[in-house]
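Novice: What follows is a structure written as structure tokens; I'll ask about it next.
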Amino acid sequence: MLAAMKPKPAVTEPACAPQQSPRDPLERVLTHVERHLFEPLSLTTLADVAGLSQFHFSRLFAARVGESVMAYVRRRRMLCAAARLGRNPGVEDEIEAPALIALALDCGFESQEAFTRAFAQVFGVTPGRYKRDPARYQAAAMERAMNQTPAEKPNVTLLDGVTRKDAFLVAGISERISKDNMQAVPALWPKLMQHVPFDGQKGPVCYGLCYGSNMEEGSFSYMAAAEIEPGKRPPAALTLMQVPAQTYAVFRITLGAGEIHPQMQAAMQCIFSEALPNSGRKPSGGIDLEVYGERFDPDKAGSVLDFYMPVEG
4 MLAAMKPKPA VTEPACAPQQ SPRDPLERVL THVERHLFEP LSLTTLADVA
54 GLSQFHFSRL FAARVGESVM AYVRRRRMLC AAARLGRNPG VEDEIEAPAL
104 IALALDCGFE SQEAFTRAFA QVFGVTPGRY KRDPARYQAA AMERAMNQTP
154 AEKPNVTLLD GVTRKDAFLV AGISERISKD NMQAVPALWP KLMQHVPFDG
204 QKGPVCYGLC YGSNMEEGSF SYMAAAEIEP GKRPPAALTL MQVPAQTYAV
254 FRITLGAGEI HPQMQAAMQC IFSEALPNSG RKPSGGIDLE VYGERFDPDK
304 AGSVLDFYMP VEG
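Here's what the structure looks like:
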């Protein structure tokens with residue numbers, strides 16, 4: 004079964020080789036944000052500007068920019084607000100309420116409280132404290148950003164062509180994932196391994212399924228699973244899920260030594276920020292698959308797995 008689902012690896016150049024394109028959807032979005040910064044902006048609008056589904060646009064934006072698109076919009080608005088505050092620095096601890104409310108509304112916030120919370124997330128202090136010493140707090144915000152250490156560039160290759168895979172049934176353990184509980188993803192795998200192989204399991208291949216994204220929240224569901232024969236019942240701790248027939252672009256990931264989870268995070272960033280845009284393939288939405296096949300060994304450097312992304316055929 005594993006051989007039947009693998010396309011021929013005809014690509015020799017790494018998929019993450021840097022390339023520039025004048026039609027880069029992220030460039031269009033960033034330009035649109037700057038031109039309409041203080042107008043109503045939404046994930047739906049910006050995904051349309053990019054020409055991508057909301058799901059894949061969100062992952063692409065986060066991979067390239069390092070934060071969600073709406074967090075980026077809020078941060079850009081905060082930087083503009085900080086510039087306005089910094090033009091007239093003073094020694095007072097607080098800004099008069101009418102002036103702060105006006106600034107909040109100008110920056111697209113519905114209330115002074117929401118604006119103050121967002122401002123503090125970027126600069127670490129309230130607008131009133133910032134106004135006392137803008138240079139100090141600008142430097143602190145920049146230092147926090149620069150101290151975010153980038154992960155080592157992963158080894159990702161786009162395999163030749165596309166792969167069509169029929170619908171199949173899996174049994175596994177799932178959890179809702181957000182930026183606050185990303186470590187829940189690797190924790191699912193030991194729970195699954197307690198039950199495999201199980202009666203009715205179809206082959207040794209395991210899958211990581213990504214689906215059901217909520218773009219506004221930045222959350223999605225993840226399932227660690229194995230294929231099961233139709234009509235079979237899995238162990239009570241596992242739930243069934245149908246993966247529909249889909250056409251995929253397949254990205255091969257070769258892991259190095261060390262923990263797998265941070266390498267997978269770096270690989271996903273590479274795929275959505277570089278490999279996918281450079282591939283010319285358009286995502287179709289659906290269920291993304293991490294495929295852990297016969298060449299995957301978590302204890303060895305050089306271990307290989309494939310990431311199947313649904314694309315238009």
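Under the numbering used here, residue 316 is the last one in the sequence shown; the count climbs by one each step, no gaps. We put the CB at the ideal spot given by N, CA and C, even for glycine.
#1: I need the straight-line Cα distance from Asp169 to Pro207, nearest angstrom please.
#2: Cβ of Gln57 within 8 Å of Cβ of Leu44?
#3: Could you give the distance in angstroms between the alpha-carbon of Met267 and the alpha-carbon of Arg135?
#4: What residue does the beta strand (DSSP E) around Pro313 start on, and which one ends it?
#5: What whole-angstrom Cβ distance do Leu40 and Pro286 have, given they're in contact under 8 Å?
#6: Can you list, in chain order, the residues of its chain whose CB lies under 7 Å from that of Ile274, leaving out five sequence neighbours each side?
#7: Take Phe322 and list the residues in its own chain whose beta-carbon comes closer than 8 Å to its own, dropping the five residues that flank it on each side.
#8: Here's a check: name, in chain order, each residue in its chain whose Cβ is nearer than 7 Å to the Cβ of Val68, leaving out the five neighbours to either side.
#9: Whole-angstrom Cβ separation of Arg78 and Val36, contact assumed at under 8 Å?
#10: For Leu172 and Gly203, what's the separation of their Cα atoms in angstroms?
#11: Put Glu37 into one of helix, strand or coil per three-state DSSP.
#12: Measuring CB to CB, does Pro313 end up less than 8 Å from Gly283?
#13: Could you pull out every residue in the same chain whose Cβ sits closer than 6 Å to the Cβ of Leu49, ignoring the five residues on either side in sequence?
#14: Just to confirm the assignment, what range does the alpha helix (DSSP H) spanning Leu44 have?
#15: Going by DSSP, what residue range makes up the beta strand (DSSP E) through Cys213?
#16: Helix, strand or coil: how does DSSP classify Ala240 here?
#17: Report back the beta-carbon spacing between Ile180 and Ala187 to the nearest angstrom; my notes put them in contact at under 8 Å.
#18: Please list the terminal residues of the continuous beta strand (DSSP E) segment that includes Ser224.
#19: Return the CA-CA distance between Arg62 and Val52, expressed in angstroms with no decimal places.
#20: Does the separation of the CB atoms of Tyr214 and Ser224 fall below 8 Å?
#21: Hey, could you find the ends of the beta strand (DSSP E) Glu363 is sitting in?
#22: Out of curiosity, what's the CA-to-CA distance linking Thr250 and Thr257?
#23: Hey, could you find the ends of the alpha helix (DSSP H) Ile256 is sitting in?
#24: Out of Phe64, Val125, Ala117, state which residue places its alpha-carbon closest to the alpha-carbon of Met81.
#25: Enumerate in chain order the residues of its own chain whose CB-to-CB distance from Pro193 is below 8 Å, with the five nearest sequence positions on each side excluded.
#26: Smallest Cα separation from Gly261: which of Gly305, Ala252, Arg298?
#27: I'd like the list of long-range same chain contacts for Asp96, defined as Cβ closer than 6 Å, with 5 residues on each side in sequence excluded.
#28: Could you give the distance in angstroms between the alpha-carbon of Gly316 and the alpha-carbon of Leu292?
#29: Quick check on DSSP: helix, strand or coil for Val165?
#30: Suppose you measure from the CA of Ala117 to the CA of Asp183; what does that come to, to the nearest Å?
#31: Just the C-alpha distance for Phe60 and Leu29, rounded to the nearest angstrom, thanks.
#32: For Asp183, which three-state DSSP category applies?
#33: Give me, in chain order, the residues of the same chain whose beta-carbon lies closer than 6 Å to that of Ser216; leave out the 5 immediate sequence neighbours on both sides.
Specialist: This is what the structure holds:
#1: 18 Å
#2: no
#3: 43 Å
#4: 307-313
#5: Going by Cβ atoms, the distance from Leu40 to Pro286 rounds to 27 Å, so no, they are not a contact pair.
#6: Correct list, in chain order: Val159, Phe254, Phe310.
#7: Residue 322 is absent from the structure shown; the chain starts at 4 and stops at 316.
#8: Tyr75
#9: About 11 Å; that fails the 8 Å criterion.
#10: 11 Å
#11: Three-state result, Glu37: helix.
#12: no
#13: Val32, Val72
#14: From DSSP, Leu44 is part of no alpha helix (DSSP H); its letter is neither H nor E.
#15: 204-217
#16: coil
#17: 6 Å
#18: 222-231
#19: 15 Å
#20: Yes. Within cutoff.
#21: Coverage of the chain is limited to positions 4 through 316, which leaves residue 363 absent and any answer about it impossible.
#22: 22 Å
#23: Careful: Ile256 lies outside any alpha helix (DSSP H), inside the beta strand (DSSP E) at 249-257.
#24: Val125
#25: none
#26: Gly305
#27: Low per-residue confidence applies at Asp96: pLDDT is 42, beneath 50, and the placement is therefore not dependable, though the value from the model is reported in the following sentence. Cβ within range, chain order: Gly131.
#28: 17 Å
#29: coil
#30: 20 Å
#31: 9 Å
#32: coil
#33: Phe58, Phe223
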